[in-house]
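Enquirer:
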Amino acid sequence: MKQIHIATFGCQMNERDSQTMAQLMAAEEYQLTERMEQADLILVNTCAIRRKAEEKTYSLLGRLKRLKRKNPGLIIGVGGCVAQQEGERLLERIPHLDLVFGTGMLYRLPELVEQVRRDRSRVSRIERDLRFSFPAEETPGIPDRGLPFEIKASVNVMQGCNNYCAYCVVPYVRGPEVSRPSSEILAEVKNLTTRGIKEVLLLGQNVNSYGLRREGEISFATLLERIQGVAGLERIRFTTSHPKDLSPELIDCFGRLTGLCEHIHLPVQAGSNRLLKRMNRHYTRETYLEKIGQLRRRTPALAITSDIIVGFPGESEKDFQETIDLVATVRFDDIFSFKYSNRPQTASSAFPDQVEEEEKSRRLKELQAFQKKITFSKQQALTGTVQQILVEGTSKKSSLGWTGRTRTNKIVNFPGPRGLLGKTVSVRIEAAGMHSLKGRLIES
Ligand code: 5AD
Ligand code: SF4
């Protein structure tokens, strides 16, 4: 058996793609290894969303030079969003690189690796080959070889994005929005549950517009309903949602579909209408807050998380304070917050009124300190409650035995007997930390 090492940067979609890479290469007798030094093939699955993510790719690739020198037979490939963005330029810039494959070339990976191996040539391919993105006959699940037993899995429901938010590189590196046929999605979910998967995370850049551009396709709400009908499946989650497309039909799914977990990730990006407009987001602070109200009226226990960018071009202190004010109003369970980063090709990279780096850092610090208090008080509010925990594995803090999540996606560690993996158990929450809760099993 040959050995493959895959390094993944970026989002859950990239993590899913890395699994597919592992699965595709498993069929070519490549076994996954954590140890880069042992690998015959190293793949770097890259992210271009912020400059920092891209820099990580270059720093890792730099370090691989030494391995290549030691083992000239080693094949090094770069896939994902930076590969799509840079193409051939990566081969020019990095002499020890063998293969560049874009986001549309994922399913051609075995063939491209074989080409490098056989011809000892350097290969760069970044065209979009949608035929291969979703092979109808073989639904990509978890690799049979190489990966440990899993309880949850991610399933792609669409690719690409048509929204063109002013700051965002995704439409350029992932292409236009294409929904995957619902029959394929359902087949994949069924396949996963027969292998013991209890929870699926449905992935897309904007799942709320699922099916709208595919003739005769069902809506996302109907898709959720069908997936909930798959035998053996206990939990459904989805990400990411665009506030402009969050429909009343989807809001209605919460509380109605028992398999749908009480958590939504709804990126707001900013609290100032002037900025939301410049960001090309197509909603206002007021309509966002209205949707939050509708969601909470429907499901009071719903956990809501968000993404926020600080220092978007033209952001004044007043705009920023409107973001803080929105965060105070909504009281998100948690947020992911980022300093604005200029990306090639995006509209905002040409905006003249860029915010100073120090100012961005100051605002990010203020926002994060502000949210931290809210996150902690939300965690603390759970102490004393009883939560349904799907057990995902053993806790890293070994004294606490098992780890799992609440339906609202909070991590809970608790001691317990053997054999709980994959079971849903009742746990009383006894202590709260910033990132996890501690509990006691009350029944299994
Ligand atoms: N700079 C900073 N953050 C960005 N995001 C997307 N593009 C940029 C950028 N150019 C953030 C958004 C998005 C999340 C995935 O990354 O908040 O929701
Ligand atoms: Fe990064 Fe976006 Fe590509 Fe995901 S889709 S890897 S977040 S650039």
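In the working numbering, the protein residues as written are 6 to 449. Quick reminder that beta carbons are idealized off the backbone N, C-alpha and C, glycines included.
1) Suppose you measure from the CA of Glu39 to the CA of His10; what does that come to, to the nearest Å?
2) Per the contact definition of three or more C-beta pairs closer than 8 Å, is the region 226-233 in contact with the region 176-183?
3) Is Ile147 helix, strand or coil when you go by DSSP?
4) Which runs of the beta strand (DSSP E) spanning at least 3 residues fall entirely within the region 290-372, listed in chain order?
5) Between which two residues does the alpha helix (DSSP H) holding Lys61 run?
6) Given this structure, state the Cα-to-Cα distance separating Lys443 from Asn418, to the nearest angstrom.
7) Identify every residue that forms a DSSP beta bridge with Asn418.
8) Which of helix, strand or coil does DSSP assign to Thr198?
9) Just curious, the alpha helix (DSSP H) that Gln89 is in, first and last residue?
10) What are the boundary residues of the beta strand (DSSP E) that includes Glu204?
11) Look at the alpha carbon of Asp257 and the alpha carbon of Pro305, and state the distance between them as a whole number of angstroms.
12) Below 8 Å, how does it come out for the region 381-391 and the region 199-219: are there three or more Cβ pairs, yes or no?
13) Between Pro420 and Lys401, what straight-line distance do the alpha-carbon atoms span, to the nearest angstrom?
14) From Val332 to Leu369, what does the alpha carbon distance come to, in whole angstroms?
15) So what does DSSP say about Asn278, is it helix, strand or coil?
16) Between the alpha carbons of Val83 and Asn50, how many angstroms are there, rounded?
17) Contact between the region 104-115 and the region 20-35: three or more CB pairs below 8 Å?
18) For Thr108, which beta-bridge partners are listed by DSSP?
19) Going by C-alpha to C-alpha distance, which of Glu267, Asp324 and Ser277 sits closest to Arg303?
20) How would you call Tyr169, buried or exposed, if buried means at least 16 neighbouring beta carbons within 10 angstroms?
21) What are the partner residues of Ala44, as DSSP defines its beta bridges?
22) Confirm the yes/no value for this check: CB of Asp312, any heavy atom of the ligand 5AD, distance under 8 Å.
23) Evaluate Leu217 with the Cβ neighbour count: other Cβ atoms within 10 Å of its Cβ, from every protein chain shown; 16 or more gives buried, anything less gives exposed.
24) With a threshold of 16 other CB atoms inside 10 Å of the CB of Ile447, please say whether the residue is buried or exposed.
25) Please state the DSSP three-state secondary structure of Thr227.
26) For Gly109 and Leu280, I'd like the C-alpha separation in whole angstroms.
27) When DSSP labels each residue in this structure, what does Phe375 get in the three-state scheme?
28) Apply the 10 Å Cβ neighbour rule to Pro248 and answer buried if 16 or more other Cβ atoms are within range, or exposed otherwise.
29) Give the straight-line distance between the Cα atoms of Leu72 and Gly15, rounded to the nearest whole angstrom.
30) Thinking C-alpha only, which one of Arg242, Leu265 and Met163 is nearest Arg219?
31) Assign Pro318 to buried or exposed, taking buried as 16 or more other Cβ atoms, counted over all protein chains shown, within 10 Å of its Cβ.
Expert: Taking the definition as stated:
1) For the purposes of this step, residue 39 is taken as the residue at position 34 of the sequence shown. For the purposes of this step, residue 10 is taken as the residue at position 5 of the sequence shown. Roughly 6 Å separates the two Cα atoms.
2) As far as the Cβ criterion goes, the region 176-183 does not touch the region 226-233, which means the pair count is below three.
3) Along the sequence shown, read from residue 1 onward, the residue named residue 147 stands at position 142. Below a pLDDT of 50, predicted positions are generally treated as unreliable, and Ile147, at 46, falls in that range; no measurement from the model is reported.
4) Correct list: 308-315 and 339-344.
5) Taking the sequence shown and counting its residues from 1, one reaches residue 61 at position 56. Its alpha helix (DSSP H) spans residues Arg56 to Lys75.
6) Within the sequence shown, residue 443 is the residue found at index 438, counting from 1. Within the sequence shown, residue 418 is the residue found at index 413, counting from 1. About 5 Å.
7) Taking the first residue of the sequence shown as 1, we reach residue 418 at position 413. Asn418 pairs with Thr408 and Lys443.
8) In the sequence shown, residue 198 corresponds to position 193, counting from 1. Three-state result, Thr198: helix.
9) Here residue 89 refers to the residue found at position 84 of the sequence shown. Note, Gln89: alpha helix (DSSP H), Gly85 to Glu91.
10) Taking the sequence shown and counting its residues from 1, one reaches residue 204 at position 199. Glu204 -> beta strand (DSSP E) spans Glu204 to Leu208.
11) Locating residue 257 in the sequence shown gives position 252, where the first residue counts as 1. Locating residue 305 in the sequence shown gives position 300, where the first residue counts as 1. A straight line joining the alpha-carbon of Asp257 with that of Pro305 spans about 13 Å.
12) Per the Cβ contact rule, the region 381-391 is not in contact with the region 199-219 (fewer than 3 Cβ pairs under 8 Å).
13) By 1-based counting over the sequence shown, the position of residue 420 is 415. By 1-based counting over the sequence shown, the position of residue 401 is 396. Rounded to whole angstroms, Pro420 to Lys401 spans 12 Å at the Cα level.
14) For the purposes of this step, residue 332 is taken as the residue at position 327 of the sequence shown. For the purposes of this step, residue 369 is taken as the residue at position 364 of the sequence shown. CA-CA distance, Val332 to Leu369, rounds to 13 Å.
15) On the sequence shown, position 273 is the one that residue 278 refers to. Note: Asn278 maps to helix in three-state DSSP.
16) Sequence index remark: in the sequence shown, residue 83 carries index 78 (1-based). Sequence index remark: in the sequence shown, residue 50 carries index 45 (1-based). Roughly 6 Å between the two C-alpha positions.
17) The region 104-115, when compared against the region 20-35, does touch it at the 8 Å Cβ threshold.
18) Along the sequence shown, read from residue 1 onward, the residue named residue 108 stands at position 103. Paired residues: none, contrary to the question.
19) Your numbering for residue 303 matches position 298 in the sequence shown. The shortest C-alpha to C-alpha distance from Arg303 to any of Glu267, Asp324 and Ser277 is the one to Glu267.
20) To locate residue 169, count along the sequence shown from 1; it is residue 164. Result: exposed.
21) Position 39 of the sequence shown, counted from the first residue, corresponds to residue 44. DSSP output for Ala44 lists no bridge partner at all.
22) Stepping through the sequence shown from its first residue, residue 312 is reached at position 307. Yes - the ligand 5AD has a heavy atom lying nearer than 8 Å to the Cβ of Asp312.
23) Counting from one through the sequence shown, the residue named residue 217 turns up at place 212. Sixteen is the threshold: since fewer than 16 other Cβ atoms of the shown chains lie within 10 Å of the Cβ of Leu217, the residue is exposed.
24) On the sequence shown, residue 447 is found 442 positions in, with the first residue counted as 1. Around the CB of Ile447, fewer than 16 other CB atoms lie within 10 Å, so the residue is classed as exposed.
25) As a first step, residue 227 must be located in the sequence shown, where it is residue number 222. In the structure shown, Thr227 sits in a helix (DSSP, three-state: H, G or I).
26) The sequence position of residue 109 within the sequence shown is 104, counting from 1. The sequence position of residue 280 within the sequence shown is 275, counting from 1. Looking at the backbone, the Cα of Gly109 and that of Leu280 are separated by about 32 Å.
27) Translated into the one-based positions of the sequence shown, residue 375 becomes position 370. Phe375 sits in a helix when the DSSP states are folded into three classes.
28) Indexing the sequence shown from 1 puts residue 248 at position 243. Pro248 comes out buried.
29) Here residue 72 refers to the residue found at position 67 when the sequence shown is read from its first residue. Here residue 15 refers to the residue found at position 10 when the sequence shown is read from its first residue. Going from the Cα of Leu72 to the Cα of Gly15 covers about 24 Å.
30) Here residue 219 refers to the residue found at position 214 when the sequence shown is read from its first residue. Arg219 has its Cα closest to that of Met163, out of Arg242, Leu265 and Met163.
31) The residue you call residue 318 lines up with position 313 of the sequence shown. Taking all protein chains shown into account, Pro318 has 16 or more neighbouring C-beta atoms within 10 Å of its C-beta and is therefore buried.
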